[in-house]
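Novice: One structure, pasted below without further comment.
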Ligand SMILES: [Mn+2]
């Protein structure tokens, strides 16, 4: 029995719901079927972490289309889910590869057909009873499609509006699958309009987190927080960004089998003014600030945290002023955020607060600055969930009222060159400051899941003093 459990951890993610997992995934599929009403086919990622290249050992413990993960919990390549709400025989069919013992010797155990034990297992963990060989998919789809009164079929691809035009992500497995279905529909003499995008209904159901998701997101926060604090306490040992990254990621990865949310950004001094800096290979010096953007997964939920702190353990007077301007904006967003508002409205609150802070607390005392951007450097929030950046990739959601259970980032930032003369001393630095927490919307406000991760000047200096004391 011990081997069975091992199999499940790798290729089936129960979302922490235990015995309730099957019901939870079935409910999600039923709700999608109720919302759509027609036949649907959803693909997982067809190939492994190396992509389409033969030799690549880049890997991630989770490698699945998030929609497939959300609907089935299966973390395995090359699976297809067919949902047929109007069928009386079986309204859901899962297509998987056949069992291949030789490949399993090389790659590890997978769910597969043609093997009673494996079939029993995939049925028992997912709750999907009708499991078939993926080579039969096309024939089954055709049969089901032809049977329908209204000749329609749904699938998922990522689509949105950009500059008034409908645009799609054309480089992923979803779009490849859509093209394949369109070809089949043509050969079945079905009209082009027979293929419908289920993206809107899917995200409507998937984005509001349930209690298991929120518990998993909290766990991801706790592990991320733990790594951050231990790293700060040991900071005296580091003088290169790679050391900070190695130590921080090691601390975090020791506590989660689900991996990092994304590769960390560890940026000292001027490097922090590059938004997606990931080289992480520079030495740093005592007078600089450091920006780290980091976090782990737990189950399928992500933490996405950013903290900025002084390498010396003490903010200099200009660093403190600028840091607190950003922090004030973050607190303002947190106080404003609630379901019903839009992310665009949070952007207004955030960047107005930053600009007012710069006027009142920096320029008014003689501070000079050259920002690296016009207007605002980036959005204050993105959606989170099954992916670290969730929701439509064109971020059309920023104009829609937020719903209870949506998780978003809260990440104001300030990037540029700053000069100030204070108490007879000159300060002149290129600085990037970002502070990022993760919030879950409620009807009346929000939960800050990251509230335990130290972010005030006082909290940071206290933690880093532990490091200094040990010198
Ligand atoms: Mn983020």
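In our numbering, the protein residues as written are 47 to 517. All residues carry an ideal CB built from backbone N, CA and C; glycine is no exception. This structure is a prediction, so every number in the text was calculated from the model and none was measured.
1) Any idea which residues DSSP pairs residue 474 with across the strands?
2) Is residue 414 helix, strand or coil by DSSP?
3) Using a 10 Å radius around the Cβ and a threshold of 16 neighbouring Cβ atoms, would you call residue 203 buried or exposed?
4) Tell me whether residue 498 sits in a helix, a strand or coil according to DSSP, three-state version.
5) Output the boundary residues of the beta strand (DSSP E) element that contains residue 213.
6) Distance, Cα to Cα, residue 141 vs residue 127?
7) Three or more C-beta pairs closer than 8 Å, one from the segment 305-323 and one from the segment 475-482: is that the case here?
8) Since residue 425 and residue 456 are thought to touch, with beta carbons under 8 Å apart, how far apart are those beta carbons, to the nearest angstrom?
9) Cβ of residue 361 within 8 Å of Cβ of residue 503?
10) Report the three-state DSSP secondary structure of residue 238 (helix, strand or coil).
11) Please classify residue 49 as buried or exposed, where buried requires at least 16 other C-beta atoms within 10 Å of its C-beta.
12) Rounded to a whole number of angstroms, what is the C-alpha to C-alpha distance between residue 386 and residue 358?
13) State the beta-bridge partners of residue 313 as determined by DSSP.
14) Taking the beta strand (DSSP E) that residue 126 belongs to, which residues open and close that run?
15) How about residue 115 and residue 434: are their beta carbons less than 8 Å apart?
16) Closest to residue 196 by C-alpha separation, out of 486, 459, 84 and 75, would be which residue?
17) Can you check the segment 133-171 for any alpha helix (DSSP H) of at least 4 residues that lies completely inside it and give the ranges in chain order?
18) Would residue 130 and residue 190 qualify as a contact pair, given that the criterion is a beta-carbon distance under 8 Å?
19) Give the DSSP-derived three-state secondary structure of residue 508 in the structure shown.
20) Using only CA atoms, which one of 367, 183 and 296 lies nearest to residue 473?
21) Give every residue whose Cβ lies closer than 6 Å to any heavy atom of ligand 1, listed in chain order.
22) Within this structure, are the beta carbons of residue 215 and residue 223 separated by less than 8 Å?
23) Between the alpha carbons of residue 311 and residue 461, how many angstroms are there, rounded?
24) Can you look up residue 459 in the DSSP assignment and give me helix, strand or coil?
25) Return helix, strand or coil for residue 368, following the three-state DSSP convention.
26) Could you tell me the distance, in whole angstroms, from the CA atom of residue 237 to the CA atom of residue 200?
27) Of the choices 495, 413 and 486, whose alpha-carbon is the least far from that of residue 466?
28) What would DSSP say about residue 350, mapped onto helix, strand or coil?
29) Do three or more CB pairs link the segment 365-379 to the segment 291-300 at distances below 8 Å?
30) Can you give the beta carbon distance from residue 493 to residue 500, rounded, assuming they're within the 8 Å contact cut?
Specialist: This is what the structure gives:
1) As DSSP reads the structure, residue 474 sits in a beta bridge with 465.
2) Three-state DSSP puts residue 414 in a strand.
3) buried
4) coil
5) 211-214
6) 6 Å
7) The segment 305-323 makes contact with the segment 475-482, as at least three CB pairs between them are under 8 Å.
8) Going by Cβ atoms, the distance from residue 425 to residue 456 rounds to 11 Å, so no, they are not a contact pair.
9) yes
10) helix
11) Below a pLDDT of 50, predicted positions are generally treated as unreliable, and residue 49, at 48, falls in that range; the measurement from the model is reported next regardless. Around the beta carbon of residue 49, fewer than 16 other beta carbons lie within 10 angstroms, which makes this residue exposed.
12) Between the C-alpha atoms of residue 386 and residue 358 there is a straight-line separation of about 42 Å.
13) According to DSSP, residue 313 bridges with 337.
14) 126-129
15) no
16) When C-alpha distances from residue 196 are compared across 486, 459, 84 and 75, the shortest belongs to 84.
17) 147-153
18) yes
19) In the structure shown, residue 508 sits in a helix (DSSP, three-state: H, G or I).
20) 367
21) 350, 428, 455, 457 and 482
22) no
23) Going by the C-alpha atoms only, they are around 15 Å apart.
24) strand
25) helix
26) 13 Å
27) Closest option to residue 466, Cα to Cα, is 413.
28) coil
29) Cβ pair count under 8 Å is below three, so no.
30) The Cβ separation is near 18 Å, so there is no contact.
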